[in-house]
Amino acid sequence: MAASARPAAPPVVDSRGRPVVLDALVARGGEGAVYLVAQRPDLVAKLYHAPAGAEKAAKLAAMVRLANGRLQALAAWPVETLHDRPGGAVRGLLMPRVQGHRELHALYGPRTRLREFPDADFPFLVQAAANVARAFAVIHEHGHVIGDVNHGSVLVSGRATVRLVDCDSFQVHDGGRRYLCLVGVPTHTPPELQGRPFDREVRTPNHDAFGLAVLIFQLLFLGRHPYSGVFLGTGDLPLERAIREFRFAYGASAAARRMRQPPHTPALETATPAVGALFERAFGPEGAGPAGRPTARAWVDALDAVSRQLVVCRRHTGHHYPRALAACPWCAIEAGLGLLLFNVALPRGASPMPSTTSVDLEALWQQILAVPDPGPPPQVPAPASFAITPSAAAAAAGAAWQRRVRATRLVLWIAGSILAVSILALSANPAVGYGVGLPALIALIAAWVYRNGGISTERAAAERALGDARSAFAALEQRWLTTASNRAFTLMRENLEAKREVYRALPRAREQQLLALRAQLQQRQLTQYLDRHRIATATISGIGPGRVATLQSWNVETAADVTESRILAVPGFGPALTQRLLAWRRSVEARFVFDPRRGLDPADVAVVDREIAAKRGQLERELRSGLPRLQQAAQQIVTARATLYPMLQQASQTVAQAEADLRALSAR
3 MAASARPAAP PVVDSRGRPV VLDALVARGG EGAVYLVAQR PDLVAKLYHA
53 PAGAEKAAKL AAMVRLANGR LQALAAWPVE TLHDRPGGAV RGLLMPRVQG
103 HRELHALYGP RTRLREFPDA DFPFLVQAAA NVARAFAVIH EHGHVIGDVN
153 HGSVLVSGRA TVRLVDCDSF QVHDGGRRYL CLVGVPTHTP PELQGRPFDR
203 EVRTPNHDAF GLAVLIFQLL FLGRHPYSGV FLGTGDLPLE RAIREFRFAY
253 GASAAARRMR QPPHTPALET ATPAVGALFE RAFGPEGAGP AGRPTARAWV
303 DALDAVSRQL VVCRRHTGHH YPRALAACPW CAIEAGLGLL LFNVALPRGA
353 SPMPSTTSVD LEALWQQILA VPDPGPPPQV PAPASFAITP SAAAAAAGAA
403 WQRRVRATRL VLWIAGSILA VSILALSANP AVGYGVGLPA LIALIAAWVY
453 RNGGISTERA AAERALGDAR SAFAALEQRW LTTASNRAFT LMRENLEAKR
503 EVYRALPRAR EQQLLALRAQ LQQRQLTQYL DRHRIATATI SGIGPGRVAT
553 LQSWNVETAA DVTESRILAV PGFGPALTQR LLAWRRSVEA RFVFDPRRGL
603 DPADVAVVDR EIAAKRGQLE RELRSGLPRL QQAAQQIVTA RATLYPMLQQ
653 ASQTVAQAEA DLRALSAR
């Protein structure tokens, strides 16, 4: 055997003494190693580094006995025990092989999700969260408790299906006997169990409900931990203490808990007020009471309701949010972080691969050009263009008034003359002056009243009629300018032409983006290399699960995220921890070797092609819908002209008639 070859798997048998041939080593951890099973591609074998004790062996035997189809469909539930010899000590177990699934943290962290789940959007996260809750519900319905809830014990597929692993650590109930869960991760352990030894602790579904709520929160809030925020009190607040003191960092009551959520994070109502209320129950003091937290089934119902309320952002097709929100929260968060959270969504049936200009669309463009332009609208007829005579009524009223004018002119002249003579006679003979002048004055007034009698009322009515006619004409003229002009048609066709030019330039735009990527090739290779090194899997002094969760809440997941300014901005990370993280990053970076032969990363090219394909699909839809809209616009203009022009002519003629009638009644 070569020095570098892996040691062969030890021989084992099942509980009935039948040999089980182990194949390649799949993984190795602190508790044991996992192997493929020869001739059984549906199973894997987990062998412990040391034989299982009596309690562990009894637990595994009970789990094998309790196995059923529902448990095996959602969990890597033990189906057989393995022994070093017939009747010998338990060395391990056989369990269903889980393929096509990744650990949950690869889905909720934005960086890893874009790489591992490029098509995952917010509806996908909601669906995955609901499926996690369904898996928990089935475990609880069988009387068992997961106990050691953590993101590594839940796997998710590209279809959002979920499988639970590490089932041999579950708390199992077998008749009158209960096998405890002896392990746990502080970040997902409820406040009432923080710091307590697990080997004597009987877990309940309500304890699981805390860890489940944390997982759901991390999925919906992009990797943030619910208790990781800005502490408004004095001193450092480790995550474990924040959990123990119920310092939930989100929601309306966060300030009362002396907490504030991290910057550029979704508000609690982003997942609907109903889900926000469930989080408040799960993470508040009332949750520690018996059955105080939302059950797994309650989460399923609430998350299914969220799925029915999501709408697509108008600005980014990869963004979805509850329709009750006033605006898309992801757009604002992406702008604040300078980080892409979700890929753009491809149109249904579209390929992310680049393509040239569509021949069909070119033919469509010829159809667009063939839509006739209605041209400038006809000139609106002015009232002055009509030769209008006064109406019979206006003419008769005007003639009658003129007769009065002529009749009263003579009376006024005679009465005026007599009045003048009487004024002269006043000094010589007052009695005669007054006797002659007073009747003349009365005659003068009576003549003036007779002259204007009746005409003022008719003239006022004519003035009102003219005002009404002019108002109606102005309103029709405004409608004419709005609907009969070809400006809307021209602008619509110019807009379609601009979209066509953008569409034809898409291949060139793709090449320009790829050229920009090639210019940054070495830096991008380094970033990708650093991104593959997660802080959660590194061994860094003083950086345990709690601090890892805190870093994730400030969008620090991998070595690529580690910079001095970003780490110092995270609560609880002073110069000492910052320097340890920087030293770790430098050690990772020192192992990087640039390979110019690699060329562009296919994942980077896929992102460019996805964006181009989404833009191409959007433009195709807009151009296709543009033809009927342009035809409709042209027809609407023609119809408006045919309808409004006669009305305008009539309205203009009505104004001319009202003007003529008023002139007939005017003074001369």
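Mind the numbering: the sequence shown is residues 3 to 670 in the numbering used here, read in order.
Think of the CB as a built atom: it goes at the ideal place given N, C-alpha and C, for glycine as much as any other residue.
The structure displayed is predicted, hence computed values, not measured ones.
Buried or exposed for glutamine 524, going by 16 or more other Cβ atoms inside 10 Å? Reading the sequence shown from its first residue, position 522 is the one you call residue 524. Classification of glutamine 524: exposed, given that the 10 Å Cβ count is below 16.
**Prompt:** How long is the line joining the alpha carbons of phenylalanine 172 and glycine 294, rounded to whole angstroms?
**Reply:** Here residue 172 corresponds to residue number 170 of the sequence shown, with the count starting at 1. Here residue 294 corresponds to residue number 292 of the sequence shown, with the count starting at 1. Computed Cα separation, rounded: 22 Å.
>> Strictly by DSSP, which residues pair up with lysine 48?
In response: Counting from 1 along the sequence shown, the entry for residue 48 is found at position 46. DSSP, once it has assigned bridges, lists Val36, Leu95 as partnering lysine 48.
- Query: Would you report the Cα separation of glycine 688 and leucine 109, rounded to the nearest angstrom?
  - Reply: No statement about residue 688 is possible, as the shown extent of the chain runs from 3 to 670 and does not include it.
Q.
Can you check which of these residues, Glu364, Val558, Ser230, is closest to alanine 372 by C-alpha distance?
A. Counted from its first residue, the sequence shown places residue 372 at position 370. It is Glu364.
Margin query: Could you pull the DSSP bridge partners for leucine 157 from this structure?
Written below: By one-based count along the sequence shown, residue 157 stands at place 155. DSSP, once it has assigned bridges, lists Glu105, Arg165 as partnering leucine 157.
(message) Just to confirm the assignment: which complete alpha helix (DSSP H) runs, minimum length 4, are found wholly within the region 117 to 147?
(response) Fully enclosed alpha helix (DSSP H) runs of 4 or longer: 124 to 143.
- Task: Give a yes or no on contact between the region 589 to 604 and the region 530 to 543, applying the rule of three or more CB pairs nearer than 8 Å.
- Result: yes
Closest by CA to alanine 1, which one among Leu646, Ala397, Cys330, Glu513? Absent from the structure is residue 1, since the part of the chain shown begins at 3 and ends at 670.
- request: Between the Cα of alanine 463 and those of Gln514, Gly71, Ala396, spot the shortest distance and give me the residue it belongs to.
  value: Your numbering for residue 463 matches position 461 in the sequence shown. Closest option to alanine 463, Cα to Cα, is Ala396.
Is the Cβ-Cβ distance between valine 640 and proline 376 less than 8 Å?
On the sequence shown, position 638 is the one that residue 640 refers to. On the sequence shown, position 374 is the one that residue 376 refers to. Result yes, Cβ atoms of valine 640 and proline 376 sit closer than 8 Å.
- prompt: Would a C-beta distance cut-off of 8 Å place phenylalanine 233 and leucine 241 closer than the cut-off?
  reply: If you number the sequence shown from 1, residue 233 lands on position 231. If you number the sequence shown from 1, residue 241 lands on position 239. No. Outside cutoff.
Counting only the same chain and skipping the five closest in sequence on each side, list residues whose C-beta sits under 6 Å from that of histidine 190.
Walking along the sequence shown from the start, residue 190 turns up at place 188. Val151, Asn152, Gly213, Val216.
Worksheet item: With 16 as the cutoff for other CB atoms within 10 Å, does serine 654 come out buried or exposed?
Response: As a working note, residue 654 is residue 652 in the sequence shown. Under this definition serine 654 is a buried residue.
- Task: Could you check what DSSP says for glutamate 282 in three-state terms: helix, strand or coil?
- Result: One-based indexing of the sequence shown puts residue 282 at position 280. The three-state reading of DSSP puts glutamate 282 in helix, counting H, G and I together.
With 16 as the cutoff for other CB atoms within 10 Å, does aspartate 611 come out buried or exposed? Looking up residue 611 in the sequence shown gives position 609. That one is buried.
- Nearest to leucine 127 (by Cα), restricted to the options Gly601, Phe344, Leu621: Within the sequence shown, the letter at position 125 stands for residue 127. Considering only alpha carbons, the answer is Phe344.
Item to complete: Mark serine 230 as exposed unless 16 or more other C-beta atoms lie within 10 angstroms of its C-beta, in which case mark it buried.
Response: Here the question's residue 230 lines up with position 228 in the sequence shown. Counting the other Cβ atoms within 10 Å of the Cβ of serine 230 gives 16 or more, which makes it buried.
Relative to the alpha-carbon of alanine 54, which residue among His85, Gln41, Leu508 has its alpha-carbon at the smallest distance?
Working through the sequence shown from its first residue, we reach residue 54 at position 52. In this structure, His85 is the residue among His85, Gln41, Leu508 with its C-alpha nearest to the C-alpha of alanine 54.
DSSP-derived helix/strand/coil call for serine 6:
Mapped onto the sequence shown, residue 6 falls at position 4. With a pLDDT of only 44 at serine 6, under the threshold of 50, the placement of this residue in the model should not be trusted, and no figure is reported.
- [ ] Reducing DSSP to helix, strand and coil, say where asparagine 27 ends up.
- [x] For the purposes of this step, residue 27 is taken as residue 25 along the sequence shown, with counting starting at 1. Residue identity check: residue 27 is leucine in the sequence provided, not asparagine. Three-state DSSP puts leucine 27 in a strand.
**Whole runs of the alpha helix (DSSP H) within the region 485 to 547, excluding any shorter than 4 residues** = 489 to 506, 508 to 521, 523 to 533
**Item:** Cβ-based neighbour list, histidine 227, same chain, cut-off 8 Å, excluding 5 preceding and 5 following
**Value:** Looking up residue 227 in the sequence shown gives position 225. Correct list, in chain order: Thr189, Val216, Phe219, Gln220, Leu241, Ala551, Thr552, Gln554, Ser555.
**Asked** For methionine 3, is the classification buried or exposed, using 16 other Cβ atoms within 10 angstroms of its Cβ as the cut-off for buried?
**Response** Along the sequence shown, read from residue 1 onward, the residue named residue 3 stands at position 1. Below a pLDDT of 50, predicted positions are generally treated as unreliable, and methionine 3, at 39, falls in that range; the measurement from the model is reported next regardless. Counting Cβ neighbours within 10 Å, methionine 3 comes out exposed, since fewer than 16 surround it.
### One or two residues paired with threonine 83 in a DSSP bridge
Your numbering for residue 83 matches position 81 in the sequence shown. Answer by DSSP bridge pairing, in chain order: Leu95.
### Task
Would you mind giving the Cβ-Cβ distance between alanine 162 and glycine 94, rounded to the nearest angstrom? I have them listed as a contact below 8 Å.
Here residue 162 refers to the residue found at position 160 when the sequence shown is read from its first residue. Here residue 94 refers to the residue found at position 92 when the sequence shown is read from its first residue. In fact, because the Cβ distance is near 31 Å, the residues do not count as touching under 8 Å.
(request) Tell me, please, whether the CB atom of valine 277 is closer than 8 Å to any CB atom in chain D? (result) Within the model displayed, chain D is absent; a lone protein chain is all it includes.
Give the range of the beta strand (DSSP E) segment to which proline 324 is assigned. As a working note, residue 324 is residue 322 in the sequence shown. Counting along the chain, the beta strand (DSSP E) containing proline 324 begins and ends at 322 to 324.
* **Opposing strand residues paired with phenylalanine 172 [DSSP bridges]** => Taking the first residue of the sequence shown as position 1, residue 172 is located at position 170. DSSP, once it has assigned bridges, lists no residue as partnering phenylalanine 172.
| message | Does threonine 560 pass the burial test, meaning 16 or more other C-beta atoms within 10 Å, or should it be called exposed? | response | The residue you call residue 560 lines up with position 558 of the sequence shown. Its Cβ being crowded by 16 or more others within 10 Å, threonine 560 is buried.
**Report entry** Residue environment, proline 331, which counts as buried when at least 16 other CB atoms sit within 10 Å
**Finding:** In the sequence shown, the residue the question calls residue 331 occupies position 329. With 16 or more other Cβ atoms from the protein chains shown falling within 10 Å of its own Cβ, proline 331 counts as buried.
- prompt: Exposed or buried, which one is threonine 297 when buried takes at least 16 other CB atoms within 10 Å?
  reply: As a working mapping, residue 297 is identified with position 295 in the sequence shown. Counting Cβ neighbours within 10 Å, threonine 297 comes out buried, since at least 16 surround it.
Compute the distance between the beta-carbons of alanine 63 and threonine 83, then report whether it is under 8 Å. Mapped onto the sequence shown, residue 63 falls at position 61. Mapped onto the sequence shown, residue 83 falls at position 81. Going by C-beta atoms, alanine 63 is nearer than 8 Å to threonine 83.
>> Checking 8 Å against the spacing of the C-beta atoms, do cysteine 183 and glycine 145 come in under that value?
In response: To locate residue 183, count along the sequence shown from 1; it is residue 181. To locate residue 145, count along the sequence shown from 1; it is residue 143. Going by C-beta atoms, cysteine 183 is not nearer than 8 Å to glycine 145.
Rounded straight-line distance, which links the Cα of arginine 259 to that of aspartate 25
Along the sequence shown, read from residue 1 onward, the residue named residue 25 stands at position 23. Along the sequence shown, read from residue 1 onward, the residue named residue 259 stands at position 257. Whole-angstrom Cα-Cα distance: 54 Å.
With C-beta atoms as the reference, is valine 164 less than 8 Å away from alanine 137?
-> Start at 1 with the first residue of the sequence shown, and residue 164 comes out as number 162. Start at 1 with the first residue of the sequence shown, and residue 137 comes out as number 135. Going by C-beta atoms, valine 164 is nearer than 8 Å to alanine 137.
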